[in-house]
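Novice:
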Amino acid sequence: GGDFSAEGLPPRSGTGRHLPGPGLAAVPPTGHPAPQWRKAFDSLEKEYKDMVSGIDSQVNKRLAALKAELARFENDGPPSYPPSEVDSVASGEAEVVETDPECSG
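Counted the way the numbering used here counts, the sequence shown spans residues 1426 to 1530.
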């Protein structure tokens, strides 16, 4: 694909934000940013901060939910097993399991 920018229209960023047109230096010889570039930068910076803040908020909500769920499991104590299963596991005896003769070729 080529550059399909329309003549006379300012370039656009990937998010549809208008950028200052060609011929305008972001930092002219005065050493201070051009007002158009400053405005574009400030807009982008605000959008970025809002996006990061939203992501942080979502992450914090998810972490709180996961920590609460973990706390419920920790308070339940260890799982309980019927005595017969505990005895066979503790003694190291292997349990014989019936298999389907058709599947064990």
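Ideal Cβ positions, reconstructed from N, Cα and C, are used throughout, including at glycine. As the structure is a prediction and not an experimental result, all values here were calculated from the model.
Please report how far the alpha carbon of Leu1469 lies from the alpha carbon of Glu1499, in whole angstroms.
Specialist: Here residue 1469 is taken as the residue at index 44 of the sequence shown, counted from 1. Here residue 1499 is taken as the residue at index 74 of the sequence shown, counted from 1. The straight-line gap from Cα to Cα measures roughly 44 Å.
Novice: Buried or exposed for Ala1489, please, with buried defined as at least 16 other CB atoms from any protein chain shown within 10 angstroms of its CB.
Specialist: For this step, residue 1489 is matched to residue 64 along the sequence shown. Exposed, since its Cβ has fewer than 16 Cβ neighbours within 10 Å.
Novice: Where does Ala1493 land, buried or exposed, given buried means 16+ other C-beta within 10 angstroms?
Specialist: Counting from 1 along the sequence shown, the entry for residue 1493 is found at position 68. Label assigned to Ala1493: exposed.
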